[in-house]
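Visitor: Before I ask anything, here is the structure I am working with.
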Amino acid sequence: MLGALLTVTLSVECPLGFSGEKCDHQYCNIQEINNEKIYCQGSGKCSAITQKCECYQGFISSGFNCIVEHAVYLDHTVSWVCLSIGIVLAIIGLIYIIYQYRNGNSTEDNIALVEIE
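Residue numbers -20 to -1, 1 to 97, in mature numbering (1 follows the signal peptide of the UniProt record, and there is no 0), belong to the letters of the sequence shown in order.
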């Protein structure tokens, strides 16, 4: 019974416009290389010559995915902006602490003044 169920499961035909083991949408082209299925997802196709995912114009490869070219640059830009803001804030904080220490306005002195009054 289990063997028959597995046979039926493996021989399922995908509906029109879908392909592959998981019936992915047709833009996920599948090519069999050394008995392994290579999935090329996104806006691209699997190349029989290079055995890699070749992306259409305006898209770049990210593993087996083709993603919009601008998305990668935007992601890196956001990362660099956040990192730069963090570094600037850390430097400002460090300068403030050094300034307070040199002027003798430490928090311990302020607490001592409140206790005396």
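Even glycine gets a Cβ: it sits at the ideal position worked out from N, Cα and C. For clarity, every value in this text was computed on a predicted model and none was experimentally measured.
1) Among all the DSSP beta bridges, which residues are the ones paired with Ile75?
2) Rounded to whole angstroms, what is the Cα-Cα separation between Asn9 and Tyr36?
3) Have a look at Val61 and Gly84 and give me their C-alpha separation to the nearest angstrom.
4) Where Glu34 and Ile67 are concerned, what is the direct C-alpha to C-alpha distance, given to the nearest angstrom?
Guide: This is what the structure holds:
1) Within the DSSP secondary-structure output, Ile75 pairs in no beta bridge.
2) Since pLDDT at Asn9 reaches only 46, below the 50 mark, its modelled position is unreliable, and no value is offered.
3) Whole-angstrom Cα-Cα distance: 35 angstroms.
4) When rounded, the distance between both Cα atoms is 39 angstroms.
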